[in-house]
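Peer 1: Heads up: the sequence lines are chains X and A, in that order.
Numbering of the first sequence is given in the working numbering, commencing with residue 1 and proceeding in unit increments.
Numbering of the second sequence is given in the working numbering, commencing with residue 246 and proceeding in unit increments.
What follows is a single structure, and I will ask about it in a moment.
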Amino acid sequence: MFDLTGKIALVTGASGGIGGAIARRLHGQGATVVLSGTRAEALEALAGELGERTQVMTCNLGDPAATEALVGQVEAEAGQLDILINNAGLTRDGLAMRMKDEDWQQVLDVNLTAAFRLTRASLKGMMKRRWGRIIGISSIVGVTGNPGQANYAASKAGLIGMTKSLAQEVASRGITVNCVAPGMIETAMTDALNDQQRERILTAIPMQRLGKSEEIASGVVYLASEEAAYVTGQTLHVNGGMAMI
Amino acid sequence: MSNDIAERVKKIVVEHLGVDDAKVTETASFIDDLGADSLDTVELVMAFEEEFGCEIPDDAAEKIVTVKDAIDFIQEHS
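This is the structure:
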């Protein structure tokens, strides 16, 4: 099940907790994995751990030209791009009333606009080959909202809307476009919470625990696989029951 | 030479859209006469670019409506 042998995947934000777990799982299913991010050292360490079938390509997704060039670089060096994982994301939290334009813009640029640019660049090759998987890592807050995260929630909701539109555009060409929406996952982002915040969050999660990055990666592997060929335009919520949408 | 380009263009259209070659006249519109959807027209442009080794910018691609438009563009740019 879920065999990805021969497929080539690009994972953005692969130096992060969820991105790294996604890269590991795709690699474990046989895919060649291109690890992208800004922290070369962390990416090299992951590549070293995974061994063969990995490549590192650093890229600052806040830079439009570099973002445009990334897919071409993958196609030139790895051969083609079959699976695009738009995982990279950052937060610049703050109450909307106090949110600076640059905090809004930076989050939208990296979380949403870069995902669009990478997607647009990858479609040509996928359309020619009549096969492609584009998976955006959204978030529960893109659907439920979260105080202090107007920018982040907007970017994550934007991914879902973009996904639904693209899915309709390219469905007839064997390309599926989906999202995975994590709830509260144990990563550097949630490590920053204090005990009181953590306690309050747990009361809202029926599973009474945070999720693991690997549990997000499992959803991604499914959507990337041949077995999910008839699933498109969907958002798979992986959140321990925190929101049932 | 120009006939050669015209024939190659028509061959791509026939193959890509799966239409009878008799329907692929120079005045035929990809969308109105040959049943192409907007995504088909994008793919046709990609196929022309590959076949003739040229680049068709987006603003030029938008003006390629008929078979003749495609032949003319390629003749001028190859």
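Even for Gly, the Cβ is constructed at its ideal location relative to N, Cα and C.
Would you mind sorting X:R117 into buried or exposed? The rule is 16 or more other CB atoms within 10 Å of its CB.
Peer 2: One-based indexing of the first sequence puts residue 117 of chain X at position 117. Burial call: buried.
Peer 1: How many angstroms separate the CA atom of X:L202 from the CA atom of X:G240?
Peer 2: What you label residue 202 of chain X is simply residue 202 of the first sequence in a count that begins at 1. What you label residue 240 of chain X is simply residue 240 of the first sequence in a count that begins at 1. The alpha-carbon atoms of X:L202 and X:G240 are separated by roughly 10 Å.
Peer 1: Classify X:R120: buried if its beta carbon has 16 or more other beta carbons within 10 angstroms, exposed otherwise.
Peer 2: Within the first sequence, residue 120 of chain X is the residue found at index 120, counting from 1. Answer is exposed; the Cβ neighbour count stays below 16.
Peer 1: Could you name the residues of chain X that A:E288 contacts, counting a contact when the two beta carbons are closer than 7 Å?
Peer 2: Within the second sequence, residue 288 of chain A is the residue found at index 43, counting from 1. Chain X residues near A:E288: M127.
Peer 1: Check whether chain A comes within 8 Å of X:K164, counting only Cβ atoms and requiring the distance to be less than that.
Peer 2: Translated into positions along the first sequence, residue 164 of chain X becomes position 164. No, X:K164 does not count as interfacial toward chain A.
Peer 1: How about A:L284: is its C-beta nearer than 8 Å to some C-beta of chain X?
Peer 2: Taking the first residue of the second sequence as 1, we reach residue 284 of chain A at position 39. Cβ-Cβ to chain X under 8 Å: yes for A:L284.
Peer 1: Any residues in the region 64 to 75 of chain X with a beta carbon nearer than 7 Å to a beta carbon of chain A? Which ones, in chain order?
Peer 2: For the region 64 to 75 of chain X, which is checked against every Cβ of chain A, not one residue is closer than 7 Å.
Peer 1: Which one or two residues does DSSP pair with X:R133 in a beta bridge?
Peer 2: For the purposes of this step, residue 133 of chain X is taken as residue 133 along the first sequence, with counting starting at 1. DSSP output for X:R133 lists X:I83, X:T176 as bridge partner(s).
Peer 1: Using 8 Å for Cβ pairs, my map puts X:G148 next to X:L193. What's the rounded Cβ distance?
Peer 2: For the purposes of this step, residue 148 of chain X is identified with residue 148 of the first sequence, where counting begins at 1. For the purposes of this step, residue 193 of chain X is identified with residue 193 of the first sequence, where counting begins at 1. About 12 Å separates the two Cβ atoms, so there is no contact after all.
Peer 1: According to DSSP, is A:E279 helix, strand or coil?
Peer 2: In the second sequence, residue 279 of chain A corresponds to position 34, counting from 1. Per the sequence presented here, residue 279 of chain A reads as Leu, with Glu not at that position. A:L279: coil per DSSP, three-state reduction.
Peer 1: Roughly how many angstroms separate the alpha carbons of X:H237 and X:Y222, rounded to a whole number?
Peer 2: Walking along the first sequence from the start, residue 237 of chain X turns up at place 237. Walking along the first sequence from the start, residue 222 of chain X turns up at place 222. Their backbone Cα atoms lie some 13 Å apart in a straight line.
Peer 1: Within 10 Å of its beta-carbon, does A:H322 have 16 or more other beta-carbons around it, so buried, or fewer, so exposed?
Peer 2: As a position in the second sequence, residue 322 of chain A is number 77, starting the count at 1. So A:H322 ends up on the exposed side.
Peer 1: Where does the unbroken beta strand (DSSP E) through X:G13 begin, and where does it stop?
Peer 2: As a position in the first sequence, residue 13 of chain X is number 13, starting the count at 1. Looking at the DSSP string, X:G13 is not in any beta strand (DSSP E), and its letter there is neither H nor E.
Peer 1: Suppose you measure from the CA of X:G72 to the CA of X:R98; what does that come to, to the nearest Å?
Peer 2: Working through the first sequence from its first residue, we reach residue 72 of chain X at position 72. Working through the first sequence from its first residue, we reach residue 98 of chain X at position 98. Distance between the alpha carbons of X:G72 and X:R98: 39 Å.
Peer 1: What are the boundary residues of the beta strand (DSSP E) that includes X:S36?
Peer 2: Within the first sequence, the letter at position 36 stands for residue 36 of chain X. X:S36 -> beta strand (DSSP E) spans 32 to 37.
Peer 1: Along the chain, where does the alpha helix (DSSP H) that runs through X:D162 open and close?
Peer 2: By 1-based counting over the first sequence, the position of residue 162 of chain X is 162. With the sequence shown as reference, residue 162 of chain X is identified as Met, and Asp is not the correct amino acid for it. Looking at the DSSP string, the run of the alpha helix (DSSP H) that includes X:M162 is 150 to 170.
Peer 1: Taking 8 Å as the cut-off, does the region 157 to 175 of chain X touch the region 32 to 50 of chain X (at least 3 CB pairs, one atom from each stretch)?
Peer 2: With a cut-off of 8 Å, the region 157 to 175 of chain X and the region 32 to 50 of chain X do not count as touching, because too few Cβ pairs lie within range.
Peer 1: Name the chain A residues whose beta carbon is nearer than 7 Å to that of X:K212?
Peer 2: The count along the first sequence starts at 1 and reaches residue 212 of chain X at position 212. Ordered by position in chain A, no residue passes the 7 Å Cβ test against X:K212, which lies about 39 Å from the chain.
Peer 1: Suppose you measure from the CA of X:I185 to the CA of A:D277; what does that come to, to the nearest Å?
Peer 2: Residue mapping note: residue 185 of chain X aligns to position 185 of the first sequence, counting from 1. Residue mapping note: residue 277 of chain A aligns to position 32 of the second sequence, counting from 1. Each residue's alpha carbon lies about 51 Å from the other.
Peer 1: Could you tell me if the beta carbon of A:D265 falls within a distance shorter than 7 Å of some heavy atom in the ligand ADP?
Peer 2: The ligand ADP is not part of the structure shown, which contains no ligands of any sort.
Peer 1: Roughly how many whole angstroms lie between the Cα atoms of A:L262 and X:I8?
Peer 2: Indexing the second sequence from 1 puts residue 262 of chain A at position 17. Indexing the first sequence from 1 puts residue 8 of chain X at position 8. For A:L262 and X:I8, the distance between alpha carbons rounds to 29 Å.
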